[in-house]
Amino acid sequence: MNTWSDRTVVWLSRLTAGRQLGAREVTLGFVSAMVLLLVIAVMSYRSLDDFIGANARVDRTREEISDLEDILSQLKDAETGQRGFLITADETFLEPYKASLVRIPELLDMVRTHAADNGEQQVRLSDLEELIAQRMQSLERGIRMKRSNAPVRDIRPSLDEGKTLMDRSRALVAAIISDEEARLARRAEAVGRNAIRAKEVIVIGNAAALLVIAIIFVLLRGEVARRRRAQHAAQRNAEEVSELYNNAPCAYHSVGPDGLLLRVNDTWLSWFGYTREEVVGKLHHQDVMTPESAARLVALQRDPGSPMKRLGHVQDVEYEYVRKDGTRFMASINAAIVRNSGGDRIISRSTLFDITGRKRAEQLLRESNLFLDSVIENIPDMIFVKDAADLRFVRFNRAGEELLGYPRGQLIGCNDYDFFPTGEAEAFTARDREVLANGVVVDIPEESVMTRDKGARLLHTKKLPIVDETGRPRYLLGISEDITERKRAEAEERKLTEELRRRTAQLEVTNRELESFSYSVSHDLRSPLRAIDGFSRMLEEDYAERIDAEGKRMLGVVRENAAQMAQLIDDLLAFSRLGQQPVSAAPVDMDLLVRDALAGLFPGKDPAVLGVEFGPLPPVSGDRNLLRQVWVNLVGNAIKYSSRRETPRVRITGRNYQTAAGRECEYCVEDNGVGFDMKYHHKLFGVFQRLHSSGDFPGTGVGLAIVQRVVTRHNGRVWAVGRLNEGASFYFSLPATRENDNGQV
Amino acid sequence: MDRYESVEVLLAEDNPSDAELALRAFRKSNFANKVHWVKDGEEALEYVMCTGQYADRDPNHPPRLLLLDLKMPKVDGIDVLRRIKSEERFKTIPVVIMTSSNEERDVVESYRLGVNSYIVKPVDFAKFVATVSEIGMYWMLTNRVPQ
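For the protein sequence lines, the chains are F and R, in the order given. Start counting the first sequence at 1492; every next residue gets the next number (the working numbering). Start counting the second sequence at 3; every next residue gets the next number (the working numbering).
1. Classify Q2297/F as buried or exposed, calling it buried when 16 or more other Cβ atoms lie within 10 Å of its own Cβ.
2. So what does H1804/F bridge to, in DSSP terms?
3. Would you say D2080/F faces chain R, with C-beta separation under 8 Å as the test?
4. Note down, one range per segment and in chain order, each beta strand (DSSP E) of at least 3 residues found wholly within the region 1725–1760 of chain F.
5. Under three-state DSSP, which class holds G2145/F?
6. Less than 6 Å between C-beta atoms, sequence neighbours within five positions excluded: which residues of the same chain meet that for P2189/F?
7. Can you tell me whether H1605/F is buried or exposed, with buried defined as 16 or more other CB within 10 angstroms of its CB?
8. Using the Cα positions of L68/R and I95/R, report the straight-line distance between them to the nearest angstrom.
9. Based on DSSP bridge pairs, tell me the residues matched to M1627/F.
10. Helix, strand or coil: which one does DSSP assign to S1523/F?
11. Consult DSSP for Y1588/F and reduce its assignment to one of helix, strand or coil.
12. Ends of the alpha helix (DSSP H) at K2131/F?
13. Quick one: what's got a C-beta closer than 6 Å to Y1966/F's C-beta in the same chain, skipping five residues either side?
14. Please list, in chain order, all residues of the same chain as N2231/F whose beta carbon is under 8 Å from its beta carbon, the five residues on each side excluded.
15. So what does DSSP say about H63/R, is it helix, strand or coil?
16. Under 8 Å: do the region 1541–1560 of chain F and the region 1678–1694 of chain F share three or more Cβ pairs, one atom per stretch?
17. Using the three-state DSSP reduction, which class does A14/R fall into: helix, strand or coil?
18. Give me the DSSP bridge partner(s) of I2023/F.
19. Quick one: Cα of R1851/F to Cα of E1858/F, how far?
20. Taking the continuous alpha helix (DSSP H) assigned at K1850/F, which residues delimit it?
21. With burial defined as no fewer than 16 other Cβ atoms inside 10 Å of the residue's Cβ, what is the status of T2191/F: buried or exposed?
22. From I1974/F, Y1765/F and L2182/F, pick the residue whose C-alpha is nearest to that of A2219/F; which is it?
23. Could you tell me which chain F residues have their CB closer than 8 Å to the CB of A128/R, listed as they occur along the chain?
24. In terms of alpha-carbon separation, which member of L1559/F, W2122/F and L1950/F lies closest to R1977/F?
25. What does DSSP give as the partner residues of T1781/F in its beta bridges?
26. Cα separation between A1822/F and Y1810/F?
27. Taking the Cβ atom as the reference point for each residue, do L1774/F and L1752/F lie within a distance shorter than 8 Å?
28. Identify, in the order they occur along the chain, each residue of the same chain with its Cβ nearer than 8 Å to the Cβ of L2101/F, setting aside the five sequence neighbours on each side.
29. Interface residues of chain F around D20/R at Cβ under 8 Å?
30. So S1523/F and V1703/F are in contact, right, with Cβ under 8 Å, and what is the actual spacing, rounded?
31. So with CB distances below 8 Å, who are the chain R contacts of A2053/F?
32. How would you list, in chain order, the residues of chain F whose beta-carbon sits under 8 Å from the beta-carbon of R114/R?
33. Taking CB distances under 8 Å as the criterion, tell me whether G2025/F reaches chain R.
34. Return the first residue and the last residue of the alpha helix (DSSP H) that R129/R is part of.
35. For L2225/F, which of helix, strand or coil comes out of DSSP?
36. In chain R, which residues lie with their C-beta within 7 Å of the C-beta of A2057/F?
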């Protein structure tokens, strides 16, 4: 059954699929179903009624038949009783007769009533009544005759008559019954037909009603399901809306006409740190603002010309809010007034967006931009940016303004043709196009640009494209360094370098000449001296007897001077060679070196005998041969200039000490000789400078010059302290070796 | 007949004074007749190689000692030294540089080219005579050369 009904439902559902069921359809369906049922009910009632009527008629007919048979029976009883009376004269036999006299008319009335609708039967009944009445009269006559003791013969005719009447009555009754039965059969047939039709109507009508109801049921069921779904959807929607309202990423609030907050969402509460109970109906909008923002809001609310008043809404108004814990945040607010049908303001609804992050980002961006701007502004090279589309300037820095001589207000929006000679502008623009077309950096090592105030300037320019996210060039960035001064300086430097090179070459030539000169000196000047000496000797030898003593003395002077000149030449050559030969550096034991020098100066003599004493001398790093010459010259001088003392004394000391420049070794040669006047101190170390005549002390005046040159070439210093006739001290200092720092050799 | 038959010392000296002094010194050592004086390097080479004005000289009689001044006109002493020491047949001739130059580079260059002795002429005449005499004695008498 279920399967069947389910199938039906499914089928009906298919049939009615997609049909919307409106109230009219439902009403129509139900009305038609009710009409059908009503029709069925009426028909059923009528059919039943027919049936009942037919049954009643059958009963009536049966009663009628029974009554008719009863009438015949009463007649027979009356006849039988009369006969008995006739035979016996016993009155008791007349009892049936008397009863039938009452009963028959009653029965006849009943029959007549039953057959009231049948005229034919009424006629027959009237005939029957007539017959019965004749029979009863016949019987009465018999009775009266008997009573009157009439002979039997007299009575006899009545008997015969009675019999005829009886037969006729019987026949009539049979006809009536037969007719009634025929009618009964006809009626029963009609009732049967009616019953069949009623059954059909009931079955079909019920089926139709059932179908209509079923369709409506299915449709209704679908509708109910649809409504339930719609209701669920609506409920979900409402929940979603509520969820959306409460958990929106922005804060919502509504303000009532009294200015108090009416409704706030959860976001609002979480932002502000209040509970709903603390807010709703208790706080004004301005109560959660900083005093400054609150004042602004209140002023706006009072201003009749405010956008809120004029337009009914405001957008993107920024206020600073205060959380319950006192911290602050910035929010942008959109608000709209909600009015009732009468146009009165009932509430205003506001949406708050937290813009603290945005503000911070804006601030950072501002700072970042400021920083970048400041960087660009302070770059000492000209920075310019051109729009890639039309090559008009969109950016210029201060160095650019200063270089070109135009304020950026004049530059921006213009292109090269507005400021530079056509030729230059064409060249610049061509380069720009090249940069933008190839998307590469172009380096222009040198280009000329005509400026307003500074004339033509030379620039070193780099141009590069700035591309957008799709890789298309948007801007052209240019960086130009003004290299005019540098170029000028470079040219100057080149000139100087050239000059220097020329002078160096000259100097080299001079040096070579000097070298060749000293070579000549060493070679060519000595030959004449040798000739002077040699020929003087030859003169002495060959002409000895002709030259007197004075002549010989003079020849001696000639030879002495020649020897002096030879010494001068040797010393000069030694001095000049010092400037050329390289200075080697090796550890030098100064004690040994001094002994060596003394042994060279005075071979085989004990220093003590010479009056020379020396303490321990710190070793240094230097050129042993050159330093030996220093000692030879200094010690030689000291011995020479103290040689006239009764007890000549020469003391050699040394020490090392720390200076700002590092450790130094200082050596001193002190004598008690003739000394010198400090006012001639500056002449001591000059070449060929002498403070004594060669008559007093022999010498060429080169020794101390050599000392100074050697010490200087060792990065040392030399100086002297002296007093006339009281001796002199000659000092020199040299940079100490590392070994000296450690106190080791 | 070779007029240079007796010559055993060739003196190349452009300075006549120096030459005279040298010759006087040789004379004192009794070498004077064995010394031939040429005035420059070119002449020295011509003598040694028997060319030029010395073309008729006997090449089988090379000098036993060559005294060379360094600084001479035309061909200087160093060049003469180089030429002589670079030719197999003259290589064995002892060459003594006798010069006024005390320059180290001259000394080094001379020894590099194969000089047999390098003497700086003393300015003092007595020393000069002694030196020349010593040279003559050493190279003429003491020293032995391949035959």
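Heads up, the beta-carbon is just placed ideally off N, CA and C, and yes, glycines get one too. Keep in mind it's a predicted model, so treat the numbers as computed, not measured.
On the basis of the coordinates in this document:
1. In the structure as shown, chain F starts at 1492 and stops at 2236, and residue 2297/F therefore has no counterpart that could be examined.
2. DSSP output for H1804/F lists A1827/F as bridge partner(s).
3. No, D2080/F does not count as interfacial toward chain R.
4. Along the length of the region 1725–1760 of chain F, whole beta strand (DSSP E) runs at least 3 residues long occupy 1742–1746 and 1752–1755, reported in chain order.
5. G2145/F falls in the strand class under three-state DSSP.
6. Only residues of its own chain outside the window of five on either side were considered, and among them none has a CB closer than 6 Å to the CB of P2189/F.
7. Buried: at least 16 other Cβ atoms inside 10 Å.
8. Using only the alpha carbons, I get a separation of about 7 Å.
9. Bridge partners of M1627/F: none, in fact.
10. Helix at S1523/F.
11. Helix.
12. That run of the alpha helix (DSSP H) goes R2115 to Y2132.
13. Hits under 6 Å: V1876, A1879 and I1957.
14. With a pLDDT of 42 at N2231/F, under the threshold of 50, the predicted position of this residue should be treated as unreliable, though the coordinate-derived value follows. In chain order, P2109, P2110, V2111, N2147, R2154 and C2156 place their CB closer than 8 Å to the CB of N2231/F, counting only its own chain and leaving out the 5 sequence neighbours on each side.
15. Residue state, collapsed to three classes: coil.
16. These segments touch.
17. Strand, per DSSP.
18. Per DSSP, I2023/F has no beta-bridge partner at all.
19. Rounded to the nearest angstrom, the two C-alpha atoms are 10 Å apart.
20. T1847 to N1869 is the span of the alpha helix (DSSP H), which, as asked, contains K1850/F.
21. So T2191/F counts as buried.
22. Nearest neighbour of A2219/F by Cα position, chosen from I1974/F, Y1765/F and L2182/F, turns out to be L2182/F.
23. Per Cβ cutoff of 8 Å: R2028.
24. Nearest of L1559/F, W2122/F and L1950/F to R1977/F, Cα basis: L1950/F.
25. Note: T1781/F sits in no beta bridge, so no partner.
26. Within the model, the alpha-carbon separation for A1822/F versus Y1810/F is close to 6 Å.
27. Cβ distance < 8 Å, so L1774/F and L1752/F count as in contact.
28. Excluding residues within five positions, the ones whose Cβ falls inside 8 Å are L2089, F2093, I2130, P2139 and V2141.
29. The answer, in chain order, is S2018, R2021 and A2022.
30. Contact holds; Cβ gap of about 6 Å.
31. Ordered by position in chain R, the residues that pass the 8 Å Cβ test against A2053/F are V125.
32. Here the premise fails: no neighbours, minimum Cβ distance about 18 Å.
33. It does; some Cβ of chain R falls within 8 Å.
34. Before going further, note that residue 129/R is Lys rather than Arg in the sequence given. Taken as a continuous stretch (DSSP letters only), the alpha helix (DSSP H) holding K129/R covers F127 to M139.
35. Strand, per DSSP.
36. Chain-ordered, the chain R residues with CB closer than 7 Å to the CB of A2057/F read V125.
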